[in-house]
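Everything below concerns the one structure shown next.
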Amino acid sequence: MTAATLETPYLDSSPEDLSLALGLPDQDALLTTEVPVDGVAVRLRLLGASHQVFAGPVRETVACLGKGVGEGLPATLDREVEGWSYRFESHTRRCSAPEFTDRVRRLRETLADRDDALFGVFPGAPDAVTALSVRRAADTAGLGEAVGPRVEWRTWHTYPRSLEIVETRTVAVSR
């Protein structure tokens, strides 16, 4: 896992502030890594409390983008992107304080020894993390038959003040 204590302070935001946008250019990243998955160079980019993932023609950004940019954070979204089928899913989990701390700890442990993950911790806020992982998709998530690469990534955005965790799962399949 590529892990780092970030050099930027944690600014509390809310899961409701997150938006999904496809096709945005590179945003300023605090931490990046590239992972080969099923013949595709997948770029994981940690933007703070947000992320970008680039896989083939798919350019996903989940961030506090402001009005007029992005589509909010849908529970599910299916799109076609330049010959790839794309499915995005998100879920916000509200936790008790002990459950929240335990989930963040387990996330760290799960991703600790993986070279296909990126994990950022904010200084002075050990439970404020953004994490990403990527792998070859085990299935096509109902997107039909794949003729080329199939990639799945998951992300976690934690909000310690509200005790919420936003989890996303994306599957992108080449047609």
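Residue numbers for the sequence shown follow the working numbering, beginning at 55 and rising by one. All C-beta atoms in this analysis are idealised placements derived from N, C-alpha and C, irrespective of residue type, glycine included.
For V107, DSSP records a beta bridge to L98 and E114. With 16 or more other Cβ atoms inside 10 Å of its own Cβ, G102 counts as buried. Buried is the label assigned to H211, since at least 16 other Cβ atoms lie within 10 Å of its Cβ. When the alpha-carbon of R223 is set against those of S144, R157 and V116, the nearest one is in S144. Straight-line measurement puts the Cα of V183 at about 28 Å from the Cα of D193. Assigned with DSSP and collapsed to three states, A151 falls in helix. Note that the segment 128 to 147 does not touch the segment 89 to 106; fewer than 3 beta-carbon pairs, one per stretch, sit closer than 8 Å.
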